[in-house]
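Engineer:
2 protein chains.
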Amino acid sequence: MSNEQLDQLRDELDSLNLEILDLINKRGELVQEIGKVKNTQGVNRFDPVRERKMLDQINEHNNGPFEESTIQQLFKEIFKASLELQEDDHRKALLV
Amino acid sequence: MSNEQLDQLRDELDSLNLEILDLINKRGELVQEIGKVKNTQGVNRFDPVRERKMLDQINEHNNGPFEESTIQQLFKEIFKASLELQEDDHRKALLV
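The listed protein sequences correspond, in order, to chains A and B.
Mapping of the first sequence onto this note's numbering: position 16 corresponds to residue 19, and the numbering continues sequentially without gaps.
Mapping of the second sequence onto this note's numbering: position 67 corresponds to residue 70, and the numbering continues sequentially without gaps.
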């Protein structure tokens, strides 16, 4: 009975993992698009002011259970990975 | 014209950030529930086999643009934060 309950919760967790995966990758695609627009404008890809604004907005909307510091840390990792994605694209564009 | 395009992409990014925030917190709540069930069963909270299975499943569904290694790293951070959430709950339960 309790194992059934655990299995059910784990199934829900598996679905959530894949939803998060999907959104993180969608975010990656969007950041790639932004990188392309920035390249055509000659704008710098890393924008600390914009990153701070995003983190502030995320904080404002954080209702837990994760603490602000944890959420900030996770999103900073996501931002860092996204920036690397843009930089890879830029390098590839330079090589063409 | 191009700035409008950039603003629009940024609005989409802001929405995506909040969707990701929402799902990460939902995942946190679910992991807390799982922790409670495990506590009543006396089962260990950290389960490396289950974690490996989740990572494998996430890999199988990863269609990019993020590379497998990046996605694994991001999810390991999410798992770590979730486990800390369970441990906090457990400590609080012990203190009651």
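Beta carbons are placed, not taken as given, at the ideal position from N, Cα and C, and that holds for glycine.
Would you mind sorting B/Ser-85 into buried or exposed? The rule is 16 or more other CB atoms within 10 Å of its CB.
Structural biologist: Mapped onto the second sequence, residue 85 of chain B falls at position 82. Its Cβ being crowded by 16 or more others within 10 Å, B/Ser-85 is buried.
Engineer: Residues of the region 20–43 of chain A with a CB closer than 9 Å to any CB of chain B: list them in chain order, please.
Structural biologist: Asn-20, Leu-21, Glu-22, Ile-23, Leu-24, Asp-25, Leu-26, Ile-27, Asn-28, Lys-29, Arg-30, Gly-31, Glu-32, Leu-33, Val-34, Gln-35, Glu-36, Ile-37, Val-40, Lys-41 and Thr-43
Engineer: Find the residues of chain B that neighbour A/Leu-77, judging by a C-beta separation of less than 7 Å, and give them in chain order.
Structural biologist: For this step, residue 77 of chain A is matched to residue 74 along the first sequence. In chain order: Ile-27, Glu-80, Ile-81 and Ala-84.
Engineer: Could you tell me whether the Cβ of A/His-93 comes closer than 7 Å to any Cβ of chain B?
Structural biologist: Taking the first residue of the first sequence as position 1, residue 93 of chain A is located at position 90. No, A/His-93 does not count as interfacial toward chain B.
Engineer: If I measure Cβ to Cβ from A/Leu-24 and keep anything under 6 Å in the same chain, skipping five residues before and after, which residues do I get?
Structural biologist: Stepping through the first sequence from its first residue, residue 24 of chain A is reached at position 21. Once the five neighbours on either side are set aside, A/Leu-24 has no close Cβ partner at all.
Engineer: Determine the extent of the alpha helix (DSSP H) in which A/Glu-71 is found, giving its start and end residues.
Structural biologist: By one-based count along the first sequence, residue 71 of chain A stands at place 68. Taken as a continuous stretch (DSSP letters only), the alpha helix (DSSP H) holding A/Glu-71 covers 71–98.
Engineer: Can you tell me whether A/Ala-67 is helix, strand or coil according to DSSP?
Structural biologist: Translated into the one-based positions of the first sequence, residue 67 of chain A becomes position 64. The residue asked about is misnamed: residue 67 of chain A is Gly in this sequence, not Ala. Coil, per DSSP.
Engineer: Hey, does B/Gln-89 have any beta-carbon neighbour from chain A nearer than 7 Å?
Structural biologist: Residue mapping note: residue 89 of chain B aligns to position 86 of the second sequence, counting from 1. False, the Cβ-Cβ gap to chain A never drops below 7 Å.
Engineer: Just to make sure I have the definition right: I need the residues of chain B whose C-beta is within less than 9 Å of the C-beta of A/Leu-9. Which are they?
Structural biologist: Locating residue 9 of chain A in the first sequence gives position 6, where the first residue counts as 1. Those within 9 Å of A/Leu-9 in chain B are Ile-37, Val-40, Lys-41, Gln-44 and Val-46.
Engineer: Please determine if the region 61–71 of chain A and the region 42–57 of chain B are in contact, where contact requires at least 3 C-beta pairs separated by less than 8 Å.
Structural biologist: For the pair of segments examined, the region 61–71 of chain A was found not to touch the region 42–57 of chain B: the number of CB pairs separated by less than 8 Å stays below three.
Engineer: Could you check if B/Val-52 is buried or exposed, using at least 16 other CB atoms within 10 Å of its CB as the buried criterion?
Structural biologist: The residue given as residue 52 of chain B occupies position 49 in the second sequence. Exposed is the call here.
Engineer: Please confirm whether A/Pro-51 has its beta-carbon closer than 7 Å to some beta-carbon of chain B.
Structural biologist: Position 48 of the first sequence, counted from the first residue, corresponds to residue 51 of chain A. Chain B contact via Cβ: absent.
Engineer: May I ask you to verify whether the region 42–49 of chain B touches the region 25–33 of chain B, counting CB pairs closer than 8 Å and requiring at least 3?
Structural biologist: no
Engineer: Under the three-state reduction of DSSP, which class applies to B/Gly-38: helix, strand or coil?
Structural biologist: Your numbering for residue 38 of chain B matches position 35 in the second sequence. The answer is helix: DSSP assigns B/Gly-38 an H, G or I state.
Engineer: Please confirm if A/Leu-118 has its CB atom under 7 Å from at least one CB of chain B.
Structural biologist: Given a span of 4 to 99 for chain A in the structure shown, any question on residue 118 of chain A remains unanswerable.
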